[in-house]
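K.L.:
Chains as they are written, first to last, in this note's numbering: chain A, 51 to 383; chain B, 51 to 383; chain C, 51 to 383; chain D, 51 to 383; chain E, 51 to 383; chain F, 51 to 383.
Number of protein chains: 6
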Amino acid sequence: MKWTDPPVLFSLNATRELSERIAQYLDVPLSEHEERDFEDGEHKARPLVSVRARDVYVIQSLYGGENETVNDKICRLLFFLGTMREGGAARVTAVIPYLAYARKDRQTKPRDPVVTRYMALLLEAVGTDVVIALDVHNIVAFQNAFRCRTEHLDTRRLFAEHIRERVGEGPVVVASPDPGGVKRAQLFQETFERVIGRDVGMAWMEKRRSAGVVTGNLLVGDVKGAFVLVVDDLISTGGTMLRAAEACLEQGAREVYALAAHGLFVGEAEKAIRDPRLSKTIITDTVPLFRLNPDVAQSHVEIVSTAPLFGEAIRRCHEGGSIVELLEGPSAS
Amino acid sequence: MKWTDPPVLFSLNATRELSERIAQYLDVPLSEHEERDFEDGEHKARPLVSVRARDVYVIQSLYGGENETVNDKICRLLFFLGTMREGGAARVTAVIPYLAYARKDRQTKPRDPVVTRYMALLLEAVGTDVVIALDVHNIVAFQNAFRCRTEHLDTRRLFAEHIRERVGEGPVVVASPDPGGVKRAQLFQETFERVIGRDVGMAWMEKRRSAGVVTGNLLVGDVKGAFVLVVDDLISTGGTMLRAAEACLEQGAREVYALAAHGLFVGEAEKAIRDPRLSKTIITDTVPLFRLNPDVAQSHVEIVSTAPLFGEAIRRCHEGGSIVELLEGPSAS
Amino acid sequence: MKWTDPPVLFSLNATRELSERIAQYLDVPLSEHEERDFEDGEHKARPLVSVRARDVYVIQSLYGGENETVNDKICRLLFFLGTMREGGAARVTAVIPYLAYARKDRQTKPRDPVVTRYMALLLEAVGTDVVIALDVHNIVAFQNAFRCRTEHLDTRRLFAEHIRERVGEGPVVVASPDPGGVKRAQLFQETFERVIGRDVGMAWMEKRRSAGVVTGNLLVGDVKGAFVLVVDDLISTGGTMLRAAEACLEQGAREVYALAAHGLFVGEAEKAIRDPRLSKTIITDTVPLFRLNPDVAQSHVEIVSTAPLFGEAIRRCHEGGSIVELLEGPSAS
Amino acid sequence: MKWTDPPVLFSLNATRELSERIAQYLDVPLSEHEERDFEDGEHKARPLVSVRARDVYVIQSLYGGENETVNDKICRLLFFLGTMREGGAARVTAVIPYLAYARKDRQTKPRDPVVTRYMALLLEAVGTDVVIALDVHNIVAFQNAFRCRTEHLDTRRLFAEHIRERVGEGPVVVASPDPGGVKRAQLFQETFERVIGRDVGMAWMEKRRSAGVVTGNLLVGDVKGAFVLVVDDLISTGGTMLRAAEACLEQGAREVYALAAHGLFVGEAEKAIRDPRLSKTIITDTVPLFRLNPDVAQSHVEIVSTAPLFGEAIRRCHEGGSIVELLEGPSAS
Amino acid sequence: MKWTDPPVLFSLNATRELSERIAQYLDVPLSEHEERDFEDGEHKARPLVSVRARDVYVIQSLYGGENETVNDKICRLLFFLGTMREGGAARVTAVIPYLAYARKDRQTKPRDPVVTRYMALLLEAVGTDVVIALDVHNIVAFQNAFRCRTEHLDTRRLFAEHIRERVGEGPVVVASPDPGGVKRAQLFQETFERVIGRDVGMAWMEKRRSAGVVTGNLLVGDVKGAFVLVVDDLISTGGTMLRAAEACLEQGAREVYALAAHGLFVGEAEKAIRDPRLSKTIITDTVPLFRLNPDVAQSHVEIVSTAPLFGEAIRRCHEGGSIVELLEGPSAS
Amino acid sequence: MKWTDPPVLFSLNATRELSERIAQYLDVPLSEHEERDFEDGEHKARPLVSVRARDVYVIQSLYGGENETVNDKICRLLFFLGTMREGGAARVTAVIPYLAYARKDRQTKPRDPVVTRYMALLLEAVGTDVVIALDVHNIVAFQNAFRCRTEHLDTRRLFAEHIRERVGEGPVVVASPDPGGVKRAQLFQETFERVIGRDVGMAWMEKRRSAGVVTGNLLVGDVKGAFVLVVDDLISTGGTMLRAAEACLEQGAREVYALAAHGLFVGEAEKAIRDPRLSKTIITDTVPLFRLNPDVAQSHVEIVSTAPLFGEAIRRCHEGGSIVELLEGPSAS
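See below:
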């Protein structure tokens with residue numbers, strides 16, 4: 051199925067900056083829309099151009115804060131997606147750089163919600179045809195919850211290319227800050243070995259328990275003299291990252307970098323980021339850096355833009371083409 | 051279909067007070083739940099009791115403000131409804147004393163959303179079987195948008211009984227503050243005539259226009275010497291009500307009362323409420339009075355509780371029985 | 051999404067004339083179909099050409115009478131739409147110049163049906179992708195009831211262009227025959243002001259009540275010396291229009307025209323149409339004039355064809371393009 | 051699942067008589083409803099009692115004629131079923147004694163509709179939970195088309211019991227008037243053998259063809275001296291039945307009875323019925339006899355009431371219980 | 051809707067040979083996939099190429115035996131169809147040369163399954179857009195059960211062209227081996243008359259019964275001196291075909307051919323095929339001949355390939371075009 | 051919602067033994083059904099009793115082997131569930147002691163299927179209301195994939211009670227054979243600590259890698275002198291368990307038990323089970339032990355019956371009641 055018109059891109063206000071970069075990558079301007087807030091707390095958003103018979107992409111990152119809460123952003127996205135159908139869009143894709151509630155993916159306590167599935171139900175209910183997300187916390191939840199089409203992007207090659215020049219000559223280790231992230235770390239390690247063309251080690255943190263109580267951290271794996279990349283999907287308060295760095299340095303690591311797609315930086319994150327034990331914190335632009343002091347951000351945080359990744363994924367959704375190859379390189383199958 | 055267990059009632063935190071009164075009416079305690087907020091802006095709510103095979107009612111009023119925005123409250127309601135399904139509830143009813151976005155019911159500008167329909171889609175998506183609402187802004191939108199069962203309650207008999215002793219001997223007129231509300235006002239007028247057993251007049255406000263520009267207000271109908279009840283579905287800033295009162299008094303009205311189910315009282319509402327041209331503002335308890343100075347509320351606002359109405363509607367949904375008769379009296383058919 | 055083949059147009063027999071004009075506008079012939087009636091009252095219709103992978107438009111106006119009842123026409127439309135799916139149509143659009151049951155849009159009596167929603171359910175059930183309708187009685191019901199795509203067309207510019215030369219030099223007033231139609235009349239007034247480039251007044255009829263009983267009509271607004279256009283969505287017996295004309299003339303109107311998209315002309319409509327108080331009745335061709343004496347129709351009724359409107363809407367659905375601009379002019383947004 | 055209240059029965063006007071008998075069987079009164087026709091050809095029907103939480107049965111036979119066409123009756127049924135949902139019915143069953151369009155069950159010509167499936171889609175779309183029908187033309191179509199629950203009743207035991215005393219001592223043969231009906235005839239033959247406790251023969255009619263042209267009828271099977279029961283699902287013009295009788299008598303049959311559940315009697319049916327070659331025509335009360343002269347009906351037609359069958363099926367749907375045993379006798383499995 | 055890329059064809063392993071021929075007809079290579087079996091009995095299949103935005107056809111014939119059971123093949127097909135959606139296919143068509151369970155099309159015993167409908171439910175559940183099948187046992191079941199699009203192909207012209215030269219000068223008769231197949235035989239007879247340009251007779255087998263017990267076979271129709279083509283949808287053990295041949299020869303038939311689309315050849319089929327009373331058995335390649343001794347197959351069975359039929363149907367689904375004309379010839383309508 | 055009749059239990063043949071035990075627990079006999087296999091590889095199953103208006107539970111464990119493959123068992127379950135709907139069951143629950151394809155829960159290679167979700171789609175498609183499963187490989191996949199109700203049971207308390215007397219006085223450690231199972235092992239450890247009232251340690255196996263190649267196993271955690279319980283969801287070839295036992299013993303473990311809900315025992319499992327390094331293998335009866343030599347099973351394997359767990363879960367689904375408390379004990383909330 052081929053489209054003769056270019057894709058139509060909308061960005062809700064809270065994701066404007068990243069969306070501009072995606073639009074630039076695609077050489078397609080962001081289409082105009084109006085987004086009004088009313089005194090009683092309701093809002094109304096509408097496109098200002100015709101979307102009839104077009105292939106539409108609505109970009110909204112679902113991080114909390116700045117002017118809107120997470121739930122606010124979800125409703126704004128849901129209603130705007132619905133509005134696309136109103137206007138006769140032929141296909142509607144939700145591009146969600148940071149997908150909220152990805153960690154509410156199972157019942158950990160009795161009668162817990164399974165919010166990941168509710169997010170799928172809601173996005174589908176308003177007529178979304180495709181959901182594009184990046185480094186979702188639990189890809190199993192993501193791939194099972196949705197019945198509409200999904201595209202899951204990851205930052206592995208992006209980060210590997212970004213960091214390849216930094217690691218120097220000595221040993222390099224990829225570390226997961228907890229056992230649940232070992233799978234993610236392994237996938238990055240494999241990518242990184244391909245990119246730098248030499249062996250990369252693995253390590254991970256465990257909670258040391260005594261009598262059922264967590265008493266400290268345990269580092270599994272050899273990091274002596276190594277350049278360590280602690281890899282996670284997101285950084286919240288930064289505490290987890292800092293504890294991992296600390297453990298690595300104690301075990302003789304040369305230097306520790308923190309890598310995560312989504313930099314939420316809530317609570318005491320700024321303090322963690324500035325801690326000298328973390329040489330650098332590398333994140334992407336899926337969440338704006340509004341909570342960090344710009345100077346701290348400037349000196350301690352490196353931001354890798356996901357715009358080329360989202361842009362290219364949108365292009366391949368629009369024109370056809372392999373997203374497997376986009377993520378894993380041309381030789382993947 | 052009969053239930054041998056009583057209904058299970060949950061109230062999300064923001065509607066706690068009204069819910070307590072409903073629970074008291076039904077002589078069924080509110081069931082416990084946990085509602086936690088996380089630092090990153092997400093939340094999690096779960097019931098603390100088994101709902102398996104039960105007839106569950108979740109009460110949440112969707113007003114904006116206090117601690118949560120409108121959109122926040124919508125997501126909290128949607129996720130909690132979903133959680134009921136998780137726990138094996140046999141039937142899930144959303145009781146929504148104030149239904150948000152009821153005025154976003156059509157495309158007034160090109161490519162506008164039709165949020166009323168999206169609300170229906172979202173509530174149905176999480177597995178809601180029945181929606182109970184009260185004095186929804188546009189009942190046509192409400193009755194067309196939902197495909198799950200709905201019960202629409204109204205305050206006509208409630209308000210009529212509350213106000214019947216106040217109107218004195220002289221003429222009584224029901225007024226609508228705009229032409230769109232004439233139907234609602236007429237329905238109240240008919241109920242009120244039945245309740246007080248004598249004629250009640252009708253009046254309504256029009257916008258006076260000149261060259262397409264609104265230049266003032268026009269009162270249609272005779273209010274001379276009358277006790278006037280200005281009837282609307284909600285009070286936002288109160289400006290509309292005040293303009294109507296002004297126009298009525300100019301035309302010789304004896305006294306003007308404002309009646310509306312939902313008292314949002316945003317913006318300069320307090321000033322309007324205190325204006326001596328409004329003898330009294332009568333609302334219900336669907337929206338808490340958190341925005342008004344308690345003294346102002348005490349002296350200028352009367353609150354009629356909807357708890358018996360919601361309670362009895364829940365009872366009839368649970369046990370079977372006529373809601374038509376609940377609303378219109380036993381002789382209705 | 052682009053189509054390389056032209057759209058395929060079918061017209062069920064009862065809407066043949068209008069459909070021919072639409073086909074002519076689009077320069078696409080009506081595709082052949084067979085429509086047979088059986089002795090036991092069943093019928094069968096089938097296309098006589100392949101519709102595989104095509105963009106199909108089925109035109110059927112749902113007025114009552116002539117050879118088929120309203121319900122008959124509904125079933126014929128539903129079954130034929132289903133048949134399109136059978137034949138592998140890629141997209142099926144129901145073009146319904148007059149949408150029946152649009153006034154059964156809410157529960158006015160206890161336990162009433164909400165037929166507008168049932169119409170949506172039925173049209174969607176047989177696989178309709180898009181519904182195109184014109185001047186539906188209640189656009190709120192229409193926009194909320196359907197979950198498939200809809201396009202709502204209106205006659206405002208069509209009528210405004212048709213009548214612009216007639217109104218002469220003096221004041222012009224648009225009147226609604228009842229309060230429920232004020233919104234529609236205002237929208238026409240705004241369009242008409244744009245078209246004729248000068249002020250147009252507003253007026254409307256109210257029912258005068260005494261003791262709850264309707265005792266007469268009340269005209270709100272100034273029509274003295276004015277050329278009055280009474281605007282409604284449909285003319286049934288014409289009684290409402292005639293009462294409006296009478297009231298306008300009593301208040302000094304110069305001349306009264308009746309405008310309505312759908313001329314049903316049932317009951318004593320012919321008598322109303324011939325009444326000299328109505329200078330002219332202007333309708334469209336959504337309903338054939340089979341109930342009026344041709345001479346009466348000739349001298350008292352003007353018919354504005356909707357074929358260019360439906361034709362152009364079909365073209366823009368097929369090729370993409372703005373229907374907002376079609377309805378409101380190129381500068382709309 | 052048990053119901054503590056009795057079932058609620060509604061009958062649309064066109065099936066009033068049979069419905070009264072079903073209600074009598076169940077000792078449950080028909081619930082009142084209102085059914086109004088409007089001048090423009092639309093109608094409105096609504097229940098006059100509360101159906102909230104009840105198990106509702108709506109009876110409507112979909113024959114053509116009398117005051118309403120087949121399509122009319124279909125729409126009336128669909129809308130009324132929808133209205134039941136509006137009123138909060140817990141379960142809605144459509145009881146359709148004669149199911150129209152059952153012979154439009156496949157594409158016999160290119161691009162034909164498959165109306166049997168559309169009927170299923172439409173009935174399900176308005177929220178029907180169960181469909182009960184009787185002797186549907188093609189049970190394969192019926193059992194495949196519906197995704198909601200269905201109950202298919204048949205007249206075999208009803209007719210067998212009714213006719214058992216008539217057949218006398220000599221040979222008895224069951225005949226099908228065409229090859230498509232052989233299966234139905236065989237099933238009746240088996241039931242009849244069980245009921246009368248002796249052998250029953252089989253015969254059927256074939257079209258004799260020459261050079262692809264039908265040149266006459268061919269009777270397969272031995273009917274000499276036999277009491278012949280020609281069995282079909284419905285009688286339309288009666289021509290088929292008459293040709294079968296003629297062929298049987300030519301082959302030496304003693305006497306020929308026509309048996310069919312549904313007596314439509316269209317066209318020249320009266321003439322066929324009165325033809326002396328048919329000793330008697332036995333039908334049920336699923337279609338009223340409005341087209342036959344009452345005297346002809348009185349002397350040539352016997353009517354077996356299906357009320358006990360429908361009544362008992364409704365009882366078993368409501369209370370639980372085996373419909374297999376109802377149809378085939380207590381020993382069936 | 052036009053596709054700029056060619057269709058993508060996949061064949062699950064069990065239908066490889068026919069699929070190769072279809073691919074050759076279309077001049078489109080079969081796309082690669084991987085199909086692995088695990089020790090615990092599960093399997094996994096995945097495409098090895100991108101299917102994003104493509105028009106995909108998955109070919110799997112659902113015969114039992116060889117390495118996989120019928121149910122095995124069904125699951126393999128269902129999961130692979132689901133996988134196509136995972137990969138972003140724009141449209142997914144299941145091409146099922148032999149559709150299993152087509153004879154489980156109704157409840158013949160109490161509480162029987164209606165497996166034809168379950169097959170439809172399952173195929174639709176995994177996201178199949180179109181199902182293409184050939185000579186399904188009961189086309190009524192097929193056309194009613196599916197709600198996704200279906201294309202039903204038949205072998206009539208294929209077989210007629212194949213056999214036209216064999217029939218010689220004398221009378222030709224098409225025979226059905228049971229009454230349920232008469233309709234199918236008649237359709238073939240009509241096609242064959244058109245192809246050979248002269249009259250073709252009809253005959254069919256009945257079971258002779260005595261006292262409800264089948265005692266033998268009865269041949270209806272004149273086959274004296276005729277070349278007889280016994281036509282069925284499938285050959286299972288061949289017993290039915292053999293009994294028909296026997297009866298025809300007893301009645302003086304010159305020669306008997308067996309024709310059926312699907313050659314399952316289970317049980318004692320080889321013995322039946324070799325029986326000299328059957329001159330030849332003609333089938334298609336929808337089911338591989340793995341159960342017959344190759345020599346027997348070589349000398350007694352002729353195979354007509356369905357590849358051009360499936361290939362051309364796929365082409366017309368992909369490019370648009372009439373399948374009616376494909377089946378019935380260019381003059382059909 | 052209460053049921054007055056007891057639940058109806060069916061067991062497909064392959065799960066007969068466990069089902070008998072469940073029926074015994076509930077004191078409800080298994081209802082009779084017929085399950086026939088045909089020569090062409092199709093099968094047919096039907097209930098032999100009425101299920102109308104009943105609460106039905108169909109038990110089928112989806113292990114491979116014995117007479118039927120995994121896929122075979124899936125189809126048998128799906129069709130039989132569909133048949134329950136046919137017979138008018140009020141609610142249908144699939145009880146699946148071993149849920150197949152639970153490890154195909156994500157795309158590990160490009161374009162992989164997500165079979166866990168397809169299983170949900172298929173079970174829902176045939177009308178399943180509730181799915182009850184036990185110790186599913188990945189509970190996140192399970193809880194996200196299904197949109198019908200699910201109940202997930204686990205063996206933690208069952209195993210803890212079974213093994214509590216064996217562990218002796220010394221240290222006790224729960225070990226996971228791979229990092230993906232750490233969460234499961236931790237949950238068992240917590241349960242076990244509660245049951246035996248003292249500390250239980252944790253350990254797990256990691257793959258030791260060198261240059262991206264797995265070179266051996268690494269045991270994390272202290273097992274010196276400990277009684278070690280290696281916990282997994284299933285045992286396939288037993289290799290994983292054996293490697294874990296080996297590593298534990300090397301690190302000084304006193305004794306090693308293998309615990310897993312599902313004993314598939316494929317391939318060389320018997321050899322692993324008999325290996326002296328595994329003191330005992332403890333499994334449940336969700337999969338029959340048909341692949342092991344009975345003597346080996348007798349001496350090396352202990353089977354804990356899940357019948358009380360499934361039985362009680364069915365009772366609570368039928369009567370209402372907390373499954374959280376069933377799994378976690380009465381004090382859970």
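C-beta: ideal position from N, C-alpha, C; glycine also.
1. Indicate whether B/Ala225 and B/Val142 have their beta-carbon atoms separated by less than 8 Å.
2. Which residues in chain F sit within 9 Å of B/Ser100, going by Cβ to Cβ distance?
3. Can you find the residues in the same chain that come closer than 7 Å, C-beta to C-beta, to F/Ser383, ignoring five residues on each side of it along the sequence?
4. Please state the DSSP three-state secondary structure of D/Thr119.
5. Determine whether the Cβ of A/Val106 lies closer than 8 Å to any Cβ atom of chain B.
6. D/Asn117: buried (16+ other C-beta within 10 angstroms of its C-beta) or exposed?
7. Go through its chain and collect everything with a Cβ distance to D/Thr290's Cβ below 6 Å, but skip five positions before and after it.
8. State the DSSP-derived secondary structure class of A/Arg234, mapped to helix, strand or coil.
9. How close, in whole Å, do the beta carbons of F/Arg135 and D/Arg214 come, if the pair is a contact with beta carbons under 8 Å?
10. Could you tell me if the beta carbon of F/Arg324 falls within a distance shorter than 7 Å of some heavy atom in the ligand MG?
11. Within 10 angstroms of its Cβ, does D/Thr158 collect 16 or more other Cβ (buried), or is it exposed?
12. DSSP puts B/Pro97 in a beta bridge; with which residues?
13. Can you pull the chain A neighbours of C/Arg167, defined as C-beta to C-beta under 9 Å?
14. At what residues does the alpha helix (DSSP H) containing B/Thr166 begin and finish?
P.N.:
By the coordinates alone:
1. B/Val142 sits away from B/Ala225, with the two beta carbons spaced by 8 Å or more.
2. Neighbours of B/Ser100 in chain F, taken as residues at a C-beta separation under 9 Å, are given in chain order as Arg366, Gly370, Gly371, Ser372, Ile373, Val374 and Glu375.
3. Only weak support exists for where F/Ser383 lies, its pLDDT of 47 falling under 50; the value from the coordinates is given anyway. Correct list: empty, nothing qualifies.
4. Residue state, collapsed to three classes: coil.
5. No, its Cβ sits nowhere closer than 8 Å to a Cβ of chain B.
6. If you draw a 10 Å sphere on the C-beta of D/Asn117, you find fewer than 16 other C-beta atoms in it, and that means exposed.
7. Cβ neighbours of D/Thr290 within its own chain (closer than 6 Å, five residues either side excluded): Pro227.
8. DSSP, read as helix, strand or coil, puts A/Arg234 in helix.
9. Not quite, the Cβ-Cβ distance comes to about 36 Å (not below 8 Å), so this is no contact.
10. As presented, the structure is devoid of all ligands, the ligand MG included, so that no description of it is given.
11. With fewer than 16 other Cβ atoms inside 10 Å of its own Cβ, D/Thr158 counts as exposed.
12. Paired residues: B/His83.
13. Here the premise fails: no neighbours, minimum Cβ distance about 18 Å.
14. Segment Val165 to Ala175, the alpha helix (DSSP H) holding B/Thr166.
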